[in-house]
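Sequential numbering of the sequence shown, starting at 0, is according to numbering that gives the first Met the number 0. Positions of the beta carbon are idealized from the N, C-alpha and C atoms, including for glycine. Following: one structure in structure tokens, then a few remarks.
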Amino acid sequence: MENKFEKTIWTQADFPQMGWHDCSIYAIQLADTVDLDIDYILKWVIEEESRSYNFWVAPATLRFNDARNLRINIDLEFVNGLEIAKIDQKILNQTEYEYLIETQEGTIELIASGFTQTCRKPPVLKSQQCLSEEERGGYL
0 MENKFEKTIW TQADFPQMGW HDCSIYAIQL ADTVDLDIDY ILKWVIEEES RSYNFWVAPA
60 TLRFNDARNL RINIDLEFVN GLEIAKIDQK ILNQTEYEYL IETQEGTIEL IASGFTQTCR
120 KPPVLKSQQC LSEEERGGYL
């Protein structure tokens, strides 16, 4: 199956069409921005015969701009990675949003002026929802 995804950069305007369910988080980088190194699942594809799923997945950086009020509440009994359940957004005013990133292991909350998500490599079709380190080209 051919990669037909042309879009590689998403912004705040794309939020209503995006979803992060089951996306793995590999790293969190903190500066004036909060960057999440993720495997972004662009599309779930069902195989009709087997009724199993394949996934178009690409390594991506999800950057929250002008971030502040960061709260991380994660409970890892052992390190096996973080997986996003969903991301919610609440409009605070004309220039700020509150984000709640729910993972299977806890929550990440922050206030930011918006986000940019950039795919760092083209997506590949996988039977799993995550990429190997080699497929990702490393981490942040």
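Buried or exposed: residue i, going by 16 or more other Cβ atoms within 10 Å of its Cβ?
{"i": "W19", "result": "buried"}
{"i": "D13", "result": "exposed"}
{"i": "I83", "result": "buried"}
{"i": "S23", "result": "buried"}
{"i": "T102", "result": "buried"}
Thinking C-alpha only, which one of the options is nearest residue i?
{"i": "N167", "options": "V56, A84, L29, K89", "result": "Any question about residue 167 goes unanswered here, given that the chain covers just 0 to 139."}
{"i": "Y138", "options": "E46, Y98, I37, I86", "result": "I37"}
{"i": "V123", "options": "L99, V56, R135", "result": "V56"}
{"i": "D21", "options": "K120, I107, P121, L81", "result": "L81"}
{"i": "Y98", "options": "C118, I71, T117", "result": "I71"}
{"i": "T94", "options": "T60, E133, A66", "result": "A66"}
{"i": "I40", "options": "Q127, I110, A26", "result": "Q127"}
Per DSSP, residue i is paired with what?
{"i": "S23", "result": "E82"}
{"i": "Y52", "result": "I45"}
{"i": "E108", "result": "R70, L99"}
{"i": "Q116", "result": "W9, L61"}
{"i": "Y140", "result": "Outside the displayed range of the chain (0 to 139) lies residue 140, so it cannot be described from this structure."}
{"i": "L35", "result": "I27, L61"}
Are there any heavy atoms of the ligand SAH lying less than 7 Å away from the beta-carbon of residue i, as far as the coordinates show?
{"i": "V44", "result": "No copy of the ligand SAH occurs in the structure displayed, which carries no ligand at all."}
Can you round the beta-carbon distance between residue i and residue j to whole angstroms, since I take them to be within the 8 Å contact cut?
{"i": "L69", "j": "V33", "result": "6 Å"}
{"i": "Y96", "j": "K89", "result": "7 Å"}
{"i": "R113", "j": "T10", "result": "The sequence shown places Gly at residue 113, not Arg. Rounded, the Cβ-Cβ distance is 7 Å, consistent with contact."}
{"i": "N53", "j": "K125", "result": "7 Å"}
Please report whether the beta-carbon of residue i lies at a distance below 8 Å from any beta-carbon of chain D.
{"i": "V123", "result": "No chain D appears in the structure shown, which is made up of a single protein chain."}
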